Amino acid sequence: MTEQPTSIERPQPGADPAEARGAFLCAPEQSARHPVEPALPAQARADITPAGPGTATSRGKGEDGMGKEHPVGGPEHSQPATTEPDALRPRPAPDGIPAQPGADPERAPGGPERRTGRAVPSGRPMPMRRDGDRLRFVGAATRRIARGLDLDEIVMGLCRATVPTFSDAILVYLRDPLPVGDERPTGPVVLRLRRTDRIPDERDTDGVLLPAAFEPEPEPSVLADLSALTTELCEVRPGGALNEVLRGVRPVFADAPAARAALPELLGESGEGVVPGGQHAILAPLRGRRRVIGAALFLRRPDQPAFEADDLLVAAQLATHSALGIDKAVLYGREAYIADELQRTMLPETLPRPTGVRLASRYLPAAETARVGGDWYDAIPLPGSRVALVVGDVMGHSMTSAAIMGQLRTTAQTLAGLDLPPQEVLHHLDEQAQRLGTDRMATCLYAVYDPVTHRITIANAGHPPPVLLHLGGRAEVLRVPPGAPIGVGGVDFEAVELDAPAGATLLLYTDGLVESRLRDVWTGIEQLRERLAATARLTGPDHPPPLEALCDEVLDMLGPGDRDDDIALLAARFDGIAPSDVAYWTLEPERTAPGQARRLARRALARWDLEDLSDSVELLVSEVVTNAVRYASRPVTLRLLRTDVLRCEVGDDVPQLPRLRQARATDEGGRGLYLVNKLARRWGATRLSTGKVVWFELNR
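Under our numbering, the first residue of the sequence shown carries the number 53, and numbering increases by one thereafter.
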């Protein structure tokens, strides 16, 4: 039996071709009895280990993304681990630079290269000799590029996949700004240097120092600082050499006439010296779906083997996959931006600061990939220093759900402006949901807080009940009739009126906070109640917990696996208005009413030690009451509220709102609101179901 020398490609534990350390792995020991053909230093994926003679398996999730273990090279190339007669046939190597048999002295790092006879520096990547090598490298490199989701990850994947396996350095230029989809950019085409990668002077493999024989020898080179030698911005001139190369789409060697003329335009006059002579550089346009979006320049040191003609095909594949990935990343970024903007505009940008109540809110989407949903919250100031607190949840986590949520929120704001009772607001929301479609379902809780009476009126439409945290630390789930969800139709909603003592905190939330795959809604509500009580005990019985910190503490109760839905959270701390800070009168609609209103306001200000405001308050009260009794047929109400500001409210039974206008010189009237607008800090008018309220505020 005659022994024949064979060339067996055995998988070696090493590195991905996209990893820099893959070029420094040692070749396996060769047998002295059986010399083999010289080969490159063995390289293979780091997560592949030999599973038997001539086979290797991928541990963990395979490149196909299905989490299965396949023999290296795919199922179609798998070989049984047996000792059949053809077991010594060359087999496909793992993904990456092909694994080669034992190293020949001529081909060892630092020795001469067989085809050219030139010495190969230690630790430098060897050129790919066969088409199979290039195919496996392109497959591994494109998979690495495809892993990126955003622009930076894709560009970094291209750089890491090519340096140092394919080139010693790379420069990536992209259009600035990058075009999105089918939009046609206006203005000149500008390329910006996005990333520059090169082989570092000193490297190790994840903290493991390389043997001295394989450490790269430091050598001065223009590649040492590419970013400093090249320009950051480059304008592509119409009809210029760079424009012609980019329009040609195909990669070209740097020594080609077109490339020699285009490189100074791309790199600048000082960066032209970066490009080595001969075929040691490839300029590859990056073409997306519609247009060229940039260029990549692959560089090899002058002492390295030059690029071959087949390397142009490799560069073309890398450029194509990178450009398509960048196109998709830009589109994904635009979609994420639209989703974020839609959600942001659907929710309140800032919360109001109504009298007698402090507010805080939180919103969390279900996941980073689903940034829009149907959860919303709102706080709407109402006449009489009241405030409406709203929280709702539309079914689904899509753009449609967000759009429906926006319509329902707008409807709720409009209904609140009419000062309708909570149950009537939910009834009209139910009708609106039915007009939007038969499958438009939502839950909603609508509450109105009155800081003067220290009472709150709540109506519920299939929403989880609110939790009230008292000043002493006791937390209770309010007993509110659940009602049917909005969109069912044909159901009545019931409102209940409850005490809202000063210092208490009302927490409104959506079911994403208390319900998940791991717990039902009532278990979550009980956990929320216990968490609120425990937090309140930390601050003592006389001091409520800070509102913002309380919201953060509530969200901290979410554990792993509890984020199945969006979360909207609205917390209201009831401060109220003390009875001693309220003055209220009823005036008959007579000609003497303005004078009586001035006297009553003067007495109240004297009782509050606010005599400095008497002149302004008497003038403005007289003007507003005069306008009210001129048209009213029922008694007029006058109320003064002393908080951080002085607020005056005048109510009548006329629904028409007053309008500020400029009186003519010959007019006898029409100057009352002009005086109010000039002297008051703020003023406004709100229509009620029984008339209107005109109010103004003065700084104390």
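A virtual CB, placed ideally from N, CA and C, is assigned to each residue, including glycine.
Bear in mind the structure is a predicted one, so any value in this text is a computation, not a measurement.
How big is the Cα-Cα spacing for residue i and residue j?
{"i": "L731", "j": "V673", "result": "12 Å"}
{"i": "R686", "j": "T638", "result": "10 Å"}
{"i": "L750", "j": "R733", "result": "5 Å"}
{"i": "L550", "j": "R461", "result": "25 Å"}
{"i": "T557", "j": "D491", "result": "35 Å"}
{"i": "T509", "j": "V677", "result": "30 Å"}
{"i": "T282", "j": "T372", "result": "24 Å"}
{"i": "R339", "j": "S374", "result": "9 Å"}
{"i": "L335", "j": "T397", "result": "45 Å"}
{"i": "L766", "j": "L610", "result": "One cannot answer for residue 766 here, as it falls past the ends of the chain, which runs 53 to 752."}
{"i": "G743", "j": "E582", "result": "44 Å"}
{"i": "V688", "j": "G426", "result": "43 Å"}
{"i": "E115", "j": "Q579", "result": "Below a pLDDT of 50, predicted positions are generally treated as unreliable, and E115, at 39, falls in that range; the measurement from the model is reported next regardless. Taking the straight line joining both Cα atoms gives about 43 Å."}
{"i": "Y225", "j": "E360", "result": "23 Å"}
{"i": "D307", "j": "A198", "result": "31 Å"}
{"i": "C286", "j": "G200", "result": "26 Å"}
{"i": "A431", "j": "A192", "result": "54 Å"}
{"i": "P646", "j": "G408", "result": "29 Å"}
{"i": "F305", "j": "R246", "result": "21 Å"}
{"i": "D627", "j": "R659", "result": "22 Å"}
{"i": "A358", "j": "I378", "result": "29 Å"}
{"i": "L441", "j": "D482", "result": "18 Å"}
{"i": "R655", "j": "V540", "result": "54 Å"}
How is the alpha helix (DSSP H) around residue i delimited, first residue to last?
{"i": "T397", "result": "A361 to M398"}
{"i": "A653", "result": "A645 to R659"}
{"i": "T462", "result": "M451 to G469"}
{"i": "A485", "result": "P474 to L488"}
{"i": "G44", "result": "The chain is shown from 53 up to 752; residue 44 falls before or after that span and cannot be answered."}
{"i": "I206", "result": "L203 to T214"}
{"i": "S685", "result": "Careful: S685 lies outside any alpha helix (DSSP H) and carries neither H nor E."}
Given residue i, which residues of its chain have a CB within under 6 Å of its CB, disregarding the five upstream and five downstream residues?
{"i": "E71", "result": "For E71, the predicted model reports a pLDDT of 46, less than 50, meaning its position is unreliable; a value from the coordinates is still stated below. Nothing meets the Cβ criterion."}
{"i": "G576", "result": "V566 and E567"}
{"i": "A265", "result": "Here the model assigns A265 a pLDDT of 39, short of 50, so the residue's position is not dependable and the matter cannot be decided."}
{"i": "A381", "result": "D202, L203 and I206"}
{"i": "V504", "result": "I629 and V634"}
{"i": "Y636", "result": "R691"}
{"i": "D228", "result": "V242 and R244"}
{"i": "L467", "result": "V477 and H480"}
Let me check one thing: in DSSP terms, what residues is residue i bridge-paired to?
{"i": "I577", "result": "Answer is none; I577 lacks a bridge partner."}
{"i": "S413", "result": "L622"}
{"i": "T495", "result": "D445"}
{"i": "L550", "result": "I508"}
{"i": "E701", "result": "R691 and W747"}
{"i": "Y501", "result": "V439 and I508"}
{"i": "R583", "result": "For R583, which the question treats as bridged, DSSP gives no partner whatsoever."}
{"i": "V190", "result": "Answer by DSSP bridge pairing: none, since V190 is not bridged."}
{"i": "L559", "result": "V519 and A623"}
{"i": "V304", "result": "L335"}
{"i": "E528", "result": "L520"}
{"i": "T738", "result": "V745"}
Kindly indicate the opening and closing residues of the beta strand (DSSP E) around residue i.
{"i": "V288", "result": "L285 to V288"}
{"i": "V519", "result": "V519 to L521"}
{"i": "I538", "result": "That residue, I538, is in no beta strand (DSSP E); it is neither H nor E in DSSP."}
{"i": "A635", "result": "V634 to L639"}
{"i": "V224", "result": "A221 to R227"}
{"i": "V241", "result": "V241 to R250"}
{"i": "E401", "result": "Segment: none, E401 is in no beta strand (DSSP E) and carries neither H nor E."}
{"i": "P433", "result": "D427 to P433"}
Less than 8 Å between the CB atoms is what I'm expecting for residue i and residue j, so what's the real figure, rounded?
{"i": "S437", "j": "L652", "result": "With a Cβ gap of about 19 Å, S437 and L652 do not count as contacting."}
{"i": "A527", "j": "A601", "result": "Rounded, the Cβ-Cβ distance is 16 Å, inconsistent with contact."}
{"i": "V301", "j": "A311", "result": "Actually they do not touch by this definition, with Cβ atoms about 14 Å apart."}
{"i": "A513", "j": "A536", "result": "7 Å"}
{"i": "L349", "j": "I251", "result": "Incorrect: roughly 15 Å between the Cβ atoms, too far for contact."}
{"i": "E370", "j": "L210", "result": "What sits at residue 370 in the sequence shown is Leu, not Glu. So it is a contact: roughly 6 Å between Cβ atoms."}
{"i": "R352", "j": "D220", "result": "5 Å"}
{"i": "P596", "j": "G555", "result": "5 Å"}
{"i": "A464", "j": "V424", "result": "Actually they are not in contact, since the Cβ atoms of A464 and V424 sit about 19 Å apart, beyond 8 Å."}
{"i": "Y501", "j": "V439", "result": "5 Å"}
Once you ignore the five residues that flank residue i on each side, which residues in its own chain have a CB closer than 8 Å to its CB?
{"i": "D775", "result": "Past the boundaries of the shown model lies residue 775; the chain is included only from 53 to 752, so the question cannot be answered."}
{"i": "C603", "result": "A412, S413, R414, L621 and A623"}
{"i": "L712", "result": "L725, Y726 and N729"}
For residue i, I'd like the list of residues in its chain whose CB is within less than 7 Å of its CB, leaving aside the five on either flank, ordered along the chain.
{"i": "E701", "result": "G436, R691, V745 and W747"}
{"i": "N679", "result": "P710 and G724"}
Would a check of beta-carbon distances place residue i closer than 9 Å to chain B?
{"i": "D572", "result": "Of the protein chains in the structure, only one exists, and it is not chain B."}
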